[in-house]
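Numbering (my numbering), first residue to last: 68 to 263. Okay, structure first, notes after.
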């Protein structure tokens, strides 16, 4: 049963406290929507979720229930409890206005970078030079030659992932605003967040 829930409107973000032992569920409401997820240690914001450390510790680019998500200090930060999709991204940084300018020739585009900064601001977490999130539902495919392509997410309406906090955290989530590519199936939709 959900203790608290939020619906993040398409292209927007959310910040919240997540206490040790609480489980957060991130749900793709309509399907094919990426959620950029970052987390900071509540009592020491120099410690944050780190995709590269997580891949190093797990010796894998894929995660499954029971796997640990690590901080930049190699400390267990979250544990994956359930996952109905099984395909997420660890290698792409948050989209930002400069990316939209370079790749799509669009200026001042809403971005995950801006959404995450705004979501973290009430917790006095300053904007970093860039966010390196756990990109939930993002379907990044690496070819045999090393070529990278972002394909349509495999998540369908109602698919979700559940993560248990292993320390007190401040979490931010962005419903990715990229409608210019297959990243969100060319259409941005909401993300639901529940604390169970």
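Even for Gly, the Cβ is constructed at its ideal location relative to N, Cα and C.
(message) Residues in the same chain with beta-carbon distance under 8 Å from residue 145, minus the five sequence neighbours each way, listed in chain order, please.
(response) Scanning its chain for C-beta atoms nearer than 8 Å, with the 5 sequence neighbours on each side dropped, one finds around residue 145 the residues 106, 116, 135, 136, 230, 231, 232, 233, 236, in chain order.
(request) Give me the Cβ distance between residue 255 and residue 162, rounded to the nearest whole Å; I'm assuming they're in contact under 8 Å. (result) 11 Å between Cβ atoms; not a contact.
(message) Just to confirm before moving on: does the CB-CB distance between residue 156 and residue 202 stay below 8 Å?
(response) In this structure, residue 202 lies closer than 8 Å to residue 156 by Cβ.
(message) Quick check on this structure: which residue in 84, 74, 79, 224 has the alpha carbon closest to the alpha carbon of residue 192?
(response) Comparing Cα positions, the closest option is 84.
(request) Identify, in the order they occur along the chain, each residue of the same chain with its Cβ nearer than 7 Å to the Cβ of residue 253, setting aside the five sequence neighbours on each side. (result) Answer for residue 253: 246, listed in chain order.
(request) Give the single residue among 121, 127, 138, 120 whose Cα lies nearest to the Cα of residue 113. (result) Minimum Cα distance to residue 113 is reached at 138.
(request) Quick one: residues in its chain with C-beta nearer than 6 Å to the C-beta of residue 59, no 5 flanking neighbours on either side, listed in chain order? (result) The structure shown has nothing for residue 59, since the chain only spans 68 to 263.
(request) Quick one: using the 10 Å Cβ neighbour count with 16 as the cut-off for buried, is residue 47 buried or exposed? (result) Nothing about residue 47 can be read from this structure; the chain reaches only from 68 to 263.
(request) Along the beta strand (DSSP E) that carries residue 105, what are the first and last residues, could you check? (result) Unbroken beta strand (DSSP E) run through residue 105: 102-108.
(request) Please report the Cβ distance between residue 74 and residue 257, rounded to the nearest whole angstrom; I am assuming they are in contact, meaning their Cβ atoms lie under 8 Å. (result) With a beta-carbon spacing of about 5 Å, residue 74 and residue 257 fall inside the 8 Å limit used to define contacts.
(request) Identify the continuous alpha helix (DSSP H) that holds residue 79 and give its terminal residues. (result) No residue range can be given for residue 79, since it is assigned to no alpha helix (DSSP H) and is classified by DSSP as neither H nor E.
(request) Go ahead and label residue 81 buried or exposed: buried means 16 or more other beta carbons lie within 10 angstroms of its beta carbon, across all protein chains shown. (result) Label assigned to residue 81: buried.
(request) Give the straight-line distance between the Cα atoms of residue 197 and residue 176, rounded to the nearest whole angstrom. (result) In a straight line, the C-alpha of residue 197 is about 16 Å away from that of residue 176.
(request) Take residue 124 and list the residues in its own chain whose beta-carbon comes closer than 6 Å to its own, dropping the five residues that flank it on each side. (result) Correct list, in chain order: 137.
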